[in-house]
Amino acid sequence: MRILKTALAAVAVVGAVLATGTPAGAQSTAPSERSVEQQVQGLLQYNKGAKRVGTDTVQLAPGVSVTVADASRAVPADWFNCDRGWLCLWEDSNMNGARINFTDCRRENLGSYRTDKGYTWNDRVTSYSNNQSGNVQSKFYDNGTHVLTEGATGYRRNLSYDKDINGNHLNDRIDAVQVC
Ligand SMILES: [Ca+2]
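In this note's numbering, the protein residues as written are 176 to 355.
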């Protein structure tokens, strides 16, 4: 009987775990997904002096903006919604998630800007599109070390596949950019 009781207890525990799992069909509305409005309000809350400049975009500083994540937004193949004259960096691969946009020629510290949840933007970037023109080059840094250069019109869909000079992948590592 002792063995049987143990087995029954194990079944009961498994049942309890399953009961707290994610309901079928709920994956498309994960709790972490916030509406466009919630994200915009978060950006305004965490970035001092920020102002809304569009339905889904907040200016954090002159020449710097963040466009919030919106799964319903179409992503065109031509520069992935990154405006001409801008360098755009996304949190996730394949130009998904929120993106931070730069257009002024200066070195920007990603740690100076915050996401809608209050995290700093350094060590988050996974894809980018450089929609500047001419002979412009954007340079990317990790802990003060220049790790990558991208000319105008270049893009990367997933920095997990790009390596620095030491062979280490560049995903979630960029913490500063020389925009142009
Ligand atoms: Ca990322």
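Every residue gets a Cβ at the ideal spot worked out from N, C-alpha and C, and that includes glycine.
Original post:
Under three-state DSSP, which class holds residue 265?
Top reply: Here residue 265 refers to the residue found at position 90 of the sequence shown. Residue 265 falls in the strand class under three-state DSSP.
**OP:** In the DSSP assignment, find the unbroken alpha helix (DSSP H) run with residue 214 in it and report its ends.
**Re:** As a first step, residue 214 is located in the sequence shown; it is residue number 39 there, counting from the start. Counted as a single uninterrupted DSSP element, the alpha helix (DSSP H) harbouring residue 214 occupies residues 211–221.
Original post:
Contact between the region 281–296 and the region 331–347: three or more CB pairs below 8 Å?
Top reply: No, the region 281–296 is not in contact with the region 331–347.
**OP:** Return the chain-ordered ranges of every beta strand (DSSP E) run that is complete within the region 227–314 and spans a minimum of 3 residues.
**Re:** For the region 227–314, the continuous beta strand (DSSP E) assignments of 3+ residues that do not extend past its boundaries occur at 232–236, 239–242, 261–267, 271–277, 282–284, 302–306, in sequence order.
**OP:** Indicate whether the contact test is met: 3 or more Cβ pairs, each with one atom in the region 309–318 and one in the region 240–256, closer than 8 Å.
**Re:** Between the region 309–318 and the region 240–256 there are fewer than three C-beta pairs closer than 8 Å, too few to call the two in contact.
Original post:
Hey, residue 260 and residue 266: beta-carbon distance below 8 Å or not?
Top reply: Counting from 1 along the sequence shown, the entry for residue 260 is found at position 85. Counting from 1 along the sequence shown, the entry for residue 266 is found at position 91. At the C-beta level, residue 260 and residue 266 stay beyond 8 Å of one another.
Subject >> Own chain, CB closer than 8 Å to residue 217, minus 5 neighbours either side, in chain order >> reply: Position 42 of the sequence shown, counted from the first residue, corresponds to residue 217. 209, 290, 291, 292, 293.
Original post:
Just the Cα atoms here: how many angstroms apart are residue 298 and residue 349?
Top reply: Counting from 1 along the sequence shown, the entry for residue 298 is found at position 123. Counting from 1 along the sequence shown, the entry for residue 349 is found at position 174. Distance between the alpha carbons of residue 298 and residue 349: 5 Å.
**OP:** State the beta-bridge partners of residue 324 as determined by DSSP.
**Re:** As a first step, residue 324 is located in the sequence shown; it is residue number 149 there, counting from the start. Answer by DSSP bridge pairing, in chain order: 314.
Subject >> Same chain only: Cβ atoms within 6 Å of residue 214, ignoring 5 sequence neighbours per side >> reply: Locating residue 214 in the sequence shown gives position 39, where the first residue counts as 1. Closer than 6 Å at the Cβ level, and outside the excluded window around residue 214, lie 243, 291.
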